[in-house]
Every structure is written in structure tokens, then in C-alpha cells.
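Chemist:
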Amino acid sequence: MDIRTAIITGAYGAIGKAIALGIAEAGHKVIMSGRNPGLLKQAADEVRQKTRNNNIIEATTDLSLKENIADLAQKVKSPVHILINNACTAPKQRTENKNGIEMQWAVNVMAYFYMMNEFFPHLSEANGSRIINVASYWAGGLDLKDPEFKTRRYNNDAAYRQSKQADRMLTAYFSEKYQKYNITVNTCHPGDVNSKLSNSLGFGGSETPSQGADTPVWLALSAQVKGITGKYFEHRQPVYCSFMKNKDEVNRLFELCSKY
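Residues 593 to 852 in this note's numbering are what the sequence shown lists, from first letter to last.
1. Using CA atoms only, rank isn't needed, just tell me which of E740, A665, T821 and F835 is closest to E688.
2. If I595 sits next to K621, beta carbons under 8 Å apart, how far is it from one beta carbon to the other, in whole angstroms?
3. Looking only at its own chain, which residues have a Cβ that is under 6 Å from the Cβ of P801, when we skip the five neighbours before and after it?
4. Please state whether DSSP places R627 in a helix, a strand or coil.
5. Roughly how many angstroms separate the alpha carbons of N838 and H714, rounded to a whole number?
6. What runs of the beta strand (DSSP E), each 3 residues or longer, lie entirely inside the region 647-697?
7. Name the residue from G619, A618, T597 and V639 whose alpha carbon lies nearest to the alpha carbon of Y604.
8. Roughly how many angstroms separate the alpha carbons of L613 and T643, rounded to a whole number?
9. Go to I600, then tell me how far its beta strand (DSSP E) extends in each direction, as first and last residue.
10. Please report the straight-line C-alpha distance between F846 and T653, rounded to a whole angstrom.
11. Excluding the 5 residues preceding and the 5 following F835 in the sequence, name in chain order all residues of the same chain whose CB lies nearer than 6 Å to its CB.
12. Could you give the DSSP three-state label for S790: helix, strand or coil?
13. Determine the DSSP secondary structure at T800, reduced to helix, strand or coil.
14. Ends of the alpha helix (DSSP H) at E826?
15. Cutting at 6 Å between CB atoms, please list the residues of its own chain near N791, excluding the five before and the five after it.
16. Return the bridge partner residues of K621 from the DSSP annotation.
17. Excluding the 5 residues flanking E717 on each side, which residues of the same chain have their C-beta closer than 6 Å to its C-beta?
18. When the Cα atoms are used, what is the spatial distance from I775 to S767?
19. Using the Cα positions of L655 and V701, report the straight-line distance between them to the nearest angstrom.
20. Going by other Cβ atoms of all chains shown within 10 Å of its Cβ, with 16 needed for buried, is G806 buried or exposed?
21. Could you give the first and the last residue of the continuous beta strand (DSSP E) run that contains R745?
22. Output the boundary residues of the alpha helix (DSSP H) element that contains N838.
23. Would S850 be called buried (16 or more neighbouring beta carbons within 10 Å of its own) or exposed?
24. Out of A815, V817 and I648, which has the shortest C-alpha to C-alpha gap to A636?
In C-alpha cells:
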């Protein structure tokens with residue numbers, strides 16, 4: 593078996609840890625990234641214990657910060673076959689990172705953008721690498737004139753929905769940009785999982801973390817999706833996404849993100 597290297601952001605959350613378990617169970621090397629070193633170690637130890645895979649690396653990273661993502665990319669010396677952007681936050685009050693960027697925009701959108709940019713050299717070194725952007729069916733309302741709620745009244749649900757729309761749109765942009773390098777980029781709804789995030793947004797969930805991880809892990813490992821790129825999936829099925837088809841808006845979003 594060819595052992596692949598996978599990076600998962602937000603790796604100690606309910607879905608992130610379940611994704612790490614799924615990929616580790618398949619025998620691959622997993623780099624688990626997250627902000628809190630204690631929670632990250634706890635999750636990584638659980639993955640090692642349950643899968644008997646010791647090729648699990650902890651990478652403490654504040655994913656809200658561009659410079660920390662750049663540092664992470666510098667530390668990873670090997671090719672990366674799988675990048676799963678999963679980190680997400682939804683604080684009830686508007687907060688900013690230390691660089692003054694609204695936190696949902698920083699973590700849910702810009703971290704995806706930075707990870708796809710910074711890890712391009714690692715992904716291009718691998719033969720047929722895959723990027724999976726964990727999004728949501730709960731998406732819409734993106735305001736490119738005020739993405740950080742500087743003039744609009746902040747609402748964590750509205751900020752979350754627009755961030756997940758942006759994740760789908762960035763998937764469309766990078767899938768075209770990276771296609772010639774044999775890098776596929778897809779996005780998915782992980783399912784309605786009862787998690788800290790879903791509770792913060794005011795709704796629970798009927799699915800287990802492992803059920804939520806099923807589609808991201810399938811997109812990462814399955815031969816069935818080899819060569820497929822630029823698609824949005826729910827429960828392993830491609831679903832039409834109008835956000836991804838609006839090329840003018842997709843390009844505007846990319847230009848906006850490039851200015852940060």
C-alpha cells in the first residue's frame with residue numbers, strides 16, 4: 593500500500609477527529625492541526641490508540657493567522673497527498689484575531705485560502721493530490737462588500753452561512769487553478785453532527801461524528817472520485833451548487849481574499 597500524507601485542520605473537533613480516525617485506520621500518515629495543544633494531544637493520542645497507527649503528527653497552529661499557516665507549511669518537509677480544510681468557528685459575539693480580522697472570516701474562509709496557497713508546493717509534489725474543503729448545506733448570504741460585519745450587525749449564523757458559501761466558491765476557483773497540476777479540489781457537507789459548533793449555532797444534530805466524517809474521508813481516499821474536481825458533495829453524492837457556477841462572484845471572492 594502506498595502510504596499517503598494527510599493534513600487535517602480543526603483536527604480535535606468532533607468531525608475533524610473522526611476524519612483523522614478514518615484516514616489513520618486506512619494506514620496513512622496524518623498531520624493533525626489545531627490551536628489548543630492540550631486538546632490536540634488528547635485527540636492524537638485517541639487516534640493512535642484506536643487505530644494502532646503511530647504515524648500521527650501533532651501540529652499546533654492558530655489557523656486564524658496567515659503567518660502561522662506559513663510557518664506550518666515551512667515545517668512540513670514531505671509531499672502532501674491530502675489536505676482537508678475543516679477548521680471552523682462560530683462565536684456568538686463578533687471577535688477579531690490579533691491581526692484585526694473578524695474571526696469567522698479568518699478561520700472559516702481565509703484559513704482555507706491560505707492553506708491551499710501555502711501547501712501548493714507540497715501538493716504538487718504528490719502524484720494526484722486531493723484537497724477537500726469541508727463546507728455545509730447551510731450556506732448563503734455572502735456580502736463581498738462587508739465580509740467582516742464591520743457595517744452590518746453581526747450574527748453568528750449569518751457569518752457562518754456566508755463563510756460556507758465562500759468555501760464552496762473558493763473550491764470552484766482553486767479546482768480550475770490547480771487542475772493542470774493533477775490536484776483535485778472538492779467540497780462537501782459533512783452531515784448534521786451534534787458538536788460544539790452546531791450547538792453554538794443553535795441546532796444540534798442527529799448524526800454521529802463518524803457519519804459526518806464519511807463523505808470527507810471518502811473524497812480523500814476513494815478511487816471512485818479519482819480525477820473528479822470542482823464538485824460539491826452531500827452523502828457521497830454530487831449536488832448542484834449555484835454559488836460555484838457564478839464565475840464573476842467566484843473571481844471577486846478570490847481577488848478579495850488575495851488582498852488580505
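Where is the CB? At the ideal position from N, CA and C, for every residue including glycine.
Modeler: The answer reads as follows:
1. Translated into positions along the sequence shown, residue 688 becomes position 96. Checked all of E740, A665, T821 and F835; the closest Cα to E688 is E740.
2. Against the sequence shown, residue 595 aligns to sequence position 3. Against the sequence shown, residue 621 aligns to sequence position 29. At roughly 6 Å, the Cβ-Cβ gap stays under 8 Å, so I595 and K621 are in contact.
3. Translated into positions along the sequence shown, residue 801 becomes position 209. If we look at P801 and ignore the five residues flanking it on each side, its Cβ neighbours are A606, I607, A610 and V785.
4. For this step, residue 627 is matched to residue 35 along the sequence shown. In this structure, R627 counts as coil in the three-state DSSP scheme.
5. As a working note, residue 838 is residue 246 in the sequence shown. As a working note, residue 714 is residue 122 in the sequence shown. Taking the straight line from one Cα to the other gives about 29 Å.
6. 648-652 and 674-677
7. Residue mapping note: residue 604 aligns to position 12 of the sequence shown, counting from 1. The shortest Cα separation from Y604 among G619, A618, T597 and V639 belongs to V639.
8. Your numbering for residue 613 matches position 21 in the sequence shown. Your numbering for residue 643 matches position 51 in the sequence shown. Rounded to whole angstroms, L613 to T643 spans 7 Å at the Cα level.
9. On the sequence shown, position 8 is the one that residue 600 refers to. Here the beta strand (DSSP E) through I600 covers T597 to T601.
10. The residue you call residue 846 lines up with position 254 of the sequence shown. The residue you call residue 653 lines up with position 61 of the sequence shown. When rounded, the distance between both Cα atoms is 24 Å.
11. Here the question's residue 835 lines up with position 243 in the sequence shown. Here the set comprises Q757, R760 and M761.
12. Here residue 790 corresponds to residue number 198 of the sequence shown, with the count starting at 1. Residue confidence is low: S790 scores 47 on pLDDT, short of 50, so the model does not pin down where it sits. Its coordinate-derived value is still stated next. S790 falls in the helix class under three-state DSSP.
13. Start at 1 with the first residue of the sequence shown, and residue 800 comes out as number 208. Three-state result, T800: coil.
14. Here residue 826 corresponds to residue number 234 of the sequence shown, with the count starting at 1. That residue, E826, is in no alpha helix (DSSP H); its beta strand (DSSP E) goes Y824 to E826.
15. Here residue 791 is taken as the residue at index 199 of the sequence shown, counted from 1. Summary for N791: the model assigns pLDDT 49, below 50, so the residue's position carries little reliability; its value from the coordinates is reported in the next sentence. No residues qualify anywhere along the chain.
16. Translated into the one-based positions of the sequence shown, residue 621 becomes position 29. Answer is T597, bridged to K621.
17. Taking the first residue of the sequence shown as position 1, residue 717 is located at position 125. Cβ neighbours of E717 beyond the five flanking positions: P671.
18. Your numbering for residue 775 matches position 183 in the sequence shown. Your numbering for residue 767 matches position 175 in the sequence shown. Each residue's Cα considered, the two are about 8 Å apart.
19. One-based indexing of the sequence shown puts residue 655 at position 63. One-based indexing of the sequence shown puts residue 701 at position 109. Rounded to whole angstroms, L655 to V701 spans 10 Å at the Cα level.
20. Within the sequence shown, the letter at position 214 stands for residue 806. Rather than Gly, the amino acid found at residue 806 in this sequence is Asp. Answer is buried; the Cβ neighbour count reaches 16.
21. Along the sequence shown, one-based indexing puts residue 745 at 153. Per DSSP, R745 belongs to no beta strand (DSSP E) and is neither H nor E.
22. As a position in the sequence shown, residue 838 is number 246, starting the count at 1. Element bounds for N838: n/a, residue is neither H nor E.
23. Here residue 850 refers to the residue found at position 258 of the sequence shown. Exposed, since its Cβ has fewer than 16 Cβ neighbours within 10 Å.
24. Reading the sequence shown from its first residue, position 44 is the one you call residue 636. The candidate whose alpha carbon is nearest that of A636 is I648.
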